[in-house]
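Residue numbering for the sequence shown follows the working numbering, starting at 13 and increasing by one per position. The beta-carbon is built from N, C-alpha and C at its ideal position, and this holds for glycine as well. Everything on this sheet refers to the single structure shown next.
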Amino acid sequence: MVDLCNSTKGESFQQAEDSASSVEPPRPRSVSVVSTTSQLSSRNPKDVLRHRIFHLSEMLRVEKANRDDNTSCYVELVGKADREKAPSIRQAFERINQRSSANIAQLEQRLQDSWAQLKKLEQRIFTSQDSSSSATPAQQQLTTPRNSMSHQPSFSIPRNRTSETCTVEELLPSISESKENRSAQEASSKQILEEEIKQRVQELKAQLLDLREDHKVLEDEWHKLDESWKADKQQMMELLQEEKKRYYHLEVQVNDVIQINLNEITNLKHDLACTEEKMVYQSYERSRDIWEVLDSYQTRLAKLEMQQQTQQQEAMELPQASVYKLYGQLINLLLTIATILLVCVSTISACSLPLLRTRWRALATLLVIVIISAAWKYLPVIRQQEWRTWLPSAW
């Protein structure tokens, strides 16, 4: 709405300027017509310029009031809005503020231009009036002798000398009287011109005083508006500085939180890599131990197979061996069985030792064993009838 009002007012101002520029004073035909036409033609552009200056000052005041209202609304909205909506509100306010500041600058420029036009017009009026006032006595001086010469009686030139002397003696007093009348007319015309010039000068001085008073009033209003604009600008700059500080603090806090999260992520990655390396190393060690145990089993089994083969060969070769040899073989067999049992016990102990290295592992294994035994003990016994009833339903 404000932009539409400004556009309509700007069009009206342009029309007023065109009308003021189109108004030109007509060319003078005489001295009195010059003065009257110049005064009328000078008053019309003056009135137009004064009206334009008043209108521009009113528009400037309204625009600044709108800008103040926008700033107050922005402060209220920023105080009530969330952090997510604050940037959008700030962008909208900056857009509106740029538009209003551009309008204010345009109005101030037009106001200064109209003031300059008014001053130029006043200077032009003063120069034209001075030139007309200086031209009027010269024209009247030129016109008066012509009129006097035209009104002089035509003298007849006498042919005889006697008549010449008579006519000269008669004409001398008439010429002196005409000179005196002419000087008296010139003095009276000069006095009248001086009085008219004084009256015009007084009128111009009164107009100058009025214009100076109007200029002072408008200048005071302009200074007041300038001071209010500077105060509003200072307030807006302070608000912007506060918003910048707030934004900077928020940015610092967000950066700190992001840095803390990144540090935690890197620490977690490092811990995961360390645990993975430990698991790989432990699995490698366990696999190596198992392979060593399997190798020992294979060597022992190979030895046992060799012993069995030798014993079988000896039994085949010596079927009628003595009882002592049979006892020795039985003892060897028992020893091999004992070694196998020892190997099984060692493997079981090797597998169970990692579970019993620390207290927590031992407690955990005991708990697992107790839970398995309790589940096995308290597991309901499935009877034959239950099997019979369950099997058909299952099928």
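Beta carbon of residue 57 nearer than 8 Å to that of residue 133: Position 45 of the sequence shown, counting from 1, holds the residue named residue 57. Position 121 of the sequence shown, counting from 1, holds the residue named residue 133. A contact, by the Cβ cut-off of 8 Å.
Proximity of residue 71 and residue 119 at Cβ, strictly below 8 Å: Translated into the one-based positions of the sequence shown, residue 71 becomes position 59. Translated into the one-based positions of the sequence shown, residue 119 becomes position 107. Yes, Cβ-Cβ distance for residue 71 and residue 119 is below 8 Å.
Inter-residue spacing [alpha-carbon to alpha-carbon] between residue 256 and residue 272: For the purposes of this step, residue 256 is taken as residue 244 along the sequence shown, with counting starting at 1. For the purposes of this step, residue 272 is taken as residue 260 along the sequence shown, with counting starting at 1. Approximately 24 Å, taken between the alpha carbons.
Stretch-stretch touch, CB-based, cutoff 8 Å, three pairs: the stretch 342-359 with the stretch 300-320: Counting Cβ pairs under 8 Å, three or more are found: they touch.
Between the CA atoms of residue 203 and residue 61 - distance to the nearest angstrom: What you label residue 61 is simply residue 49 of the sequence shown in a count that begins at 1. What you label residue 203 is simply residue 191 of the sequence shown in a count that begins at 1. Rounded to the nearest angstrom, the two C-alpha atoms are 37 Å apart.
C-alpha gap between residue 59 and residue 240, whole angstroms: What you label residue 59 is simply residue 47 of the sequence shown in a count that begins at 1. What you label residue 240 is simply residue 228 of the sequence shown in a count that begins at 1. Rounded to whole angstroms, residue 59 and residue 240 show a C-alpha spacing of 28 Å.
Same chain, Cβ closer than 6 Å to residue 373, five either side skipped, listed in chain order: If you number the sequence shown from 1, residue 373 lands on position 361. Here the set comprises 367.
Residue environment, residue 75, which counts as buried when at least 16 other CB atoms sit within 10 Å: The residue labelled residue 75 in the question sits at position 63 within the sequence shown. Flag for residue 75 reads buried.
Where residue 107 sits in the DSSP three-state scheme: Counting from 1 along the sequence shown, the entry for residue 107 is found at position 95. The answer is helix: DSSP assigns residue 107 an H, G or I state.
Cβ pair residue 355, residue 298 closer than 8 Å: Working through the sequence shown from its first residue, we reach residue 355 at position 343. Working through the sequence shown from its first residue, we reach residue 298 at position 286. Taking 8 Å as the Cβ cut-off, residue 355 and residue 298 do not qualify as a contacting pair.
Same chain, Cβ closer than 7 Å to residue 180, neighbours up to 5 away in sequence not counted: As a working mapping, residue 180 is identified with position 168 in the sequence shown. Since pLDDT at residue 180 reaches only 40, below the 50 mark, its modelled position is unreliable, and the value read off the structure follows with that caveat. Apart from sequence neighbours up to five positions away, no residue of its chain approaches residue 180 with a beta-carbon distance below 7 Å.
Pick from 230, 247, 139, 84 that is closest to residue 64, judged by C-alpha positions: As a first step, residue 64 is located in the sequence shown; it is residue number 52 there, counting from the start. Residue 64 has its Cα closest to that of 230, out of 230, 247, 139, 84.
Supposed close pair residue 101, residue 89 - CB separation, criterion 8 Å: Mapped onto the sequence shown, residue 101 falls at position 89. Mapped onto the sequence shown, residue 89 falls at position 77. Confirmed, Cβ separation roughly 5 Å.
Under 8 Å between C-beta atoms of residue 244 and residue 79: Along the sequence shown, one-based indexing puts residue 244 at 232. Along the sequence shown, one-based indexing puts residue 79 at 67. Cβ distance < 8 Å, so residue 244 and residue 79 count as in contact.
Three-state secondary structure assigned by DSSP to residue 159: The sequence position of residue 159 within the sequence shown is 147, counting from 1. In this prediction, residue 159 scores a pLDDT of 43, lower than 50, which makes its location untrustworthy; no coordinate-derived value is stated.
Alpha carbon of residue 276 to alpha carbon of residue 96, nearest angstrom: On the sequence shown, position 264 is the one that residue 276 refers to. On the sequence shown, position 84 is the one that residue 96 refers to. Within the model, the alpha-carbon separation for residue 276 versus residue 96 is close to 27 Å.
Buried or exposed by the 16-neighbour rule on C-beta atoms within 10 Å, applied to residue 381: Counting from one through the sequence shown, the residue named residue 381 turns up at place 369. Classification of residue 381: exposed, given that the 10 Å Cβ count is below 16.
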